[in-house]
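Sequential numbering from 18 applies to the sequence shown in the numbering used here.
Cβ coordinates follow ideal geometry from the N, Cα and C atoms, glycine included.
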Amino acid sequence: MGFDYAKTAATVLRLLARFGAPTTLKVKTGQVYDPATGTTTATETTYPCTACNTQAERSYVDGTLIGDGARVFLVAPQGIPEPKPGMKLVWQGADLAVTICKPLAPAGVPVMYELQVKG
């Protein structure tokens, strides 16, 4: 019998809900063409999620591991696709561009995502 990583993911969600805040992940899903104006508009799908803004270790903020001006968030995986660069995390009304996503997924079960964002 293996370790129950789904239970661990539920614990992460509970802790992030307690110490973090509800937020939204925005994912570009395509474009819509308006023949009347001849323009295209990007479409997005939003996914509610729970995240916590963390303090990056100063030793990691060196322009390579964590870029200057970047912020780090821990995000619960429930109900969202795996974040990728180019997606946006909405935090306190601001759209923050995801630059790096480090999934914590032992045995292939997503437990948490560590996101580096800019914006």
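Of the residues assessed, Lys-119 falls on the exposed side of the cut-off, its CB having fewer than 16 other CB atoms within 10 angstroms. DSSP places Lys-45 inside the beta strand (DSSP E), whose first and last residues are 38-51. Per the coordinates, the alpha-carbon of Asn-70 lies some 42 Å from the alpha-carbon of Pro-52. Taking Gly-136 as reference, the option from Trp-108, Pro-127, Leu-121, Ala-38 with the minimal CA-CA separation is Trp-108. The beta-carbon separation of Pro-100 and Leu-121, rounded to 12 Å, does not stay under the 8 Å limit for a contact.
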